[in-house]
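For the sequence shown, position 12 matches number 12 in full-length UniProt numbering, and the numbering has no gaps at all. All C-beta atoms in this analysis are idealised placements derived from N, C-alpha and C, irrespective of residue type, glycine included. From a predicted model like this one, the values you see are computed outputs, not experimental measurements.
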Amino acid sequence: MAFAKSVIEAIGNTPLIKLRRASEETQCLILGKAEFQNPGGSVKDRAALAIVADAVARGALKPGGVIVEGTAGNTGIGLALVANALGYKTVIVIPETQSQEKKDLLRLQGAELIEVPAVPYADPNNYVKLSGRLAERLAKENPAGAIWANQFDNVANRQGHFETTGPEIFAQTDGRVDGFVSAVGTGGTLAGVGMALKAKNPGVQIALADPPGAALYSYYTTGELKSSGSSITEGIGQGRITANLEGAPIDFAYQIGDEESVRLVFDLAENEGLLLGGSSGVNVAGAIRLARELGPGHTIVTILCDSGSRYQSKLFNPEFLRSKNLPTPGWLERPLQIKP
Ligand code: PMP
1 MAFAKSVIEA
11 IGNTPLIKLR
21 RASEETQCLI
31 LGKAEFQNPG
41 GSVKDRAALA
51 IVADAVARGA
61 LKPGGVIVEG
71 TAGNTGIGLA
81 LVANALGYKT
91 VIVIPETQSQ
101 EKKDLLRLQG
111 AELIEVPAVP
121 YADPNNYVKL
131 SGRLAERLAK
141 ENPAGAIWAN
151 QFDNVANRQG
161 HFETTGPEIF
171 AQTDGRVDGF
181 VSAVGTGGTL
191 AGVGMALKAK
201 NPGVQIALAD
211 PPGAALYSYY
221 TTGELKSSGS
231 SITEGIGQGR
241 ITANLEGAPI
251 DFAYQIGDEE
261 SVRLVFDLAE
271 NEGLLLGGSS
281 GVNVAGAIRL
291 ARELGPGHTI
301 VTILCDSGSR
311 YQSKLFNPEF
321 LRSKNLPTPG
331 WLERPLQIKP
């Protein structure tokens, strides 16, 4: 019999899916790693599992202990399912601005959800800093202890991708991957996969796809952390070099505006049956840029981070899109084509 001993073993080993139109357009083979197929519905299940496994191995997390984290949502969903499967509790600090769907999912899983105003990282009341202080307090109050997952600066995150996502991509492409592209939230995916692929073949080209409002495109092209503009894309857009990003091998950096990424999200849904979230659109746009950079005949891999069902109220809401001057998914507004 073939079965996973628990939901934990169902994390990872996701398929690579050929993105037909992006491949045709560039004469390259562009492949998306279907991370939306993880049990928690996103790439962040991997980071959640790696962080919890590391804390358990270090003896920092004991049965009944509490896992505290500041998260845009997906890491919290991953942490909650790992915690529920292994016997821990989850406390999540989330900026109010994140989608209702992600907040609802966290509540459904039994995570304790603390919504806070979205303020910049420099502010002591930023959600990440608040979660760190809360973990310290709960560690003292709770007899079973508490840990701060600290996904941004805990390098167990990128180590998880170094040990799983990267080697999976290399094996699934028979070692013929030429390039890898990813956006950055914590940097765990880009750095971990980048380091793993470079270790197998130093010729693999690694590229960052960055939305407006983030500072990394500027950093990797000019050396200066500078940002301008803004993006509706959730889960990505970093303003500093996190510990996970330190030493990441990045050969190219692209800035991808919302108009470009949103069009790709709608195109993938309508023409390829892939209903994805906004960061996947940024990633696929980055993969197309890298394919053009390297020329025809190359194999480029990127990440399909999570599902569009998580963003019904924003990315797939024509009213919201119009308020941001963005294109709308035509099929949502089309009158009935067939008379009943
Ligand atoms: N896409 C989505 C939807 C995410 O939630 C995240 C993580 N916040 C990312 C991409 C970026 O992944 P990472 O943290 O590994 O950089």
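{"Query": "Taking valine 68 as the reference, give the member of Val52, Ile92, Thr75 with the closest Cα.", "Result": "Ile92"}
{"Query": "Looking only at C-alpha atoms, which of Ala34, Leu268, Cys28 sits nearest to threonine 14?", "Result": "Ala34"}
{"Query": "Out of Lys226, Ala85, Leu264, Gln109, which has the shortest C-alpha to C-alpha gap to serine 6?", "Result": "Ala85"}
{"Query": "Please specify which runs of the alpha helix (DSSP H), each continuous and at least 4 residues long, are wholly inside the region 175-252, giving them in chain order.", "Result": "188-200, 216-222"}
{"Query": "Just to confirm, does glycine 277 get its C-beta within under 6 Å of one of the non-hydrogen atoms of the ligand PMP?", "Result": "yes"}
{"Query": "Is it buried or exposed, serine 42, if we count other Cβ atoms within 10 angstroms and call 16 or more buried?", "Result": "buried"}
{"Query": "Where do the ends of the alpha helix (DSSP H) carrying leucine 105 lie?", "Result": "100-108"}
{"Query": "Which residues mark the beginning and the end of the alpha helix (DSSP H) in which threonine 299 is found?", "Result": "Counting along the chain, threonine 299 falls outside any alpha helix (DSSP H), though it belongs to the beta strand (DSSP E) covering 299-304."}
{"Query": "Going by the beta-carbon positions, is the gap between glycine 179 and leucine 294 smaller than 7 Å?", "Result": "yes"}
{"Query": "Counting only the same chain and skipping the five closest in sequence on each side, list residues whose C-beta sits under 6 Å from that of proline 183.", "Result": "Checking the sequence shown, residue 183 turns out to be alanine, not proline. The answer, listed in chain order, is Ala209, Ile236, Ser279, Val282, Asn283."}
{"Query": "Where does glutamate 115 sit, in a helix, a strand or coil, going by DSSP?", "Result": "strand"}
{"Query": "Write down every uninterrupted run of the beta strand (DSSP E) in the region 49-88 whose length is 3 residues or greater and which is fully enclosed by it, in chain order.", "Result": "66-70"}
{"Query": "Buried or exposed for phenylalanine 3, going by 16 or more other Cβ atoms inside 10 Å?", "Result": "exposed"}
{"Query": "For alanine 171, does the count of other Cβ atoms within 10 angstroms reach 16, so buried, or fall short, so exposed?", "Result": "exposed"}
{"Query": "Could you please give me the residues that DSSP links to glutamine 255 through a beta bridge?", "Result": "Asp210"}
{"Query": "Please name the residue in Asn154, Lys339, Ser99 whose C-alpha comes closest to that of aspartate 54.", "Result": "Asn154"}
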